[in-house]
Amino acid sequence: MDKTTRSRRAIRLARKIPPGNILDGLEHVTALDRPIRVIAKAVRRKLGPGPVRDLLHGVPIGHPLHPSLATIAIGCWVGAAVVDWAEADERASRVLVAAGLGTAVPTVAAGLTDWSTLHREQQRVGFVHALTNATATGLYTASLLLRMAGKERAGRLFSFAGLGAAFGGAYLGGHLAYRQAAGANHAESLSHLVPLGWHDLCALKDLPNGRPVTRRLGYIDLFVLRLGDGVSVLADRCAHLAGPLHQGRLVMEEGEACVVCPWHGSVFRVSDGTVAHGPATARQPAFQTRLRRDGIVQVRPAP
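The sequence shown begins at 1 in full-length UniProt numbering and counts up by one.
As structure tokens, then:
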């Protein structure tokens, strides 16, 4: 078989492979692991826990910040493409390109923060996603410089190339969000899975004092913490990436007992499941508790 025939067969095979399958393969490319480890560790060390990292994760707004910022940047660049295609207003195109580039800076910061706390298969796709978006940003930067130098035609060509790269990055981002569930809530509300009313959980005397354990309510795993005669109950699987909260450590945040997820360090208040620190942005489902006269702890989903 000659080289030309092999090339044609390879092209035909590539055309038959759905894009989703190609990305499934990308998740297992271990050659990316070394730079991923170095960069992710550097990002986590540079930021550290605190309000800046929480802001970049999106904890104050209750949703990941990165997708919202990315939508603004791509929206500006799509607007610039429409204006360029119509050859309507060169100044408007420059403003839109510049606005997209300005938004790209916080978008990258938020994206890197989220990416540094994902698991390895997500990070592999996210790494290529970042490279693709970096290419788009570079092309748009060149486009703006060319436009400012009076080379509008070349600037438009670079903008169209940048938009193509941005769409490629958006496709990879969609794979991360919808196929790999990066940024999704992994502890969605459990109220629809639990029948109405109170349910027996366990005897209070069987719970260790001051140490979290896991108990099951039907087929739902729960985080259970006894402090004296009081019992706090949350969904056990962390909202960030489903880590087992009962294996986490207890800390105090502003006088409130909190649990730290053992996988990526999300911090939740045990009283109501609200997020004290990211990377989680969604509240942990909480349960109301009461103690029967015979010492049985009962639970029901909190409103």
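Cβ atoms here follow ideal geometry from the backbone N, Cα and C, with glycine treated the same way.
Annotation: residue 103 to residue 253 spans about 33 Å, alpha carbon to alpha carbon. Pairing residue 33 with residue 39, the inter-Cα distance amounts to about 10 Å. The beta carbon of residue 135 sits closer than 6 Å to the beta carbons of 165 from its chain, once the five residues preceding and following it are set aside; these are given in chain order. For residue 137, the enclosing alpha helix (DSSP H) begins and ends at 120-148. Contact check for residue 97 against residue 144 passes: the beta carbons are separated by less than 9 Å. Put simply, the backbone Cα of residue 288 is about 28 Å away from that of residue 64.
For residue 223, the beta-bridge partners assigned by DSSP are 214, 234. Counting C-beta pairs with one atom in each stretch, the segment 158-172 and the segment 259-278 have fewer than three that are closer than 8 Å, which means they do not touch. In this structure, the straight-line span from the alpha carbon of residue 188 to that of residue 234 is close to 12 Å. CA-CA distance, residue 67 to residue 174, rounds to 10 Å. Our two residues, residue 124 and residue 26, have alpha carbons roughly 7 Å apart in a direct line.
Residue 286 sits away from residue 262, with the two beta carbons spaced by 9 Å or more.
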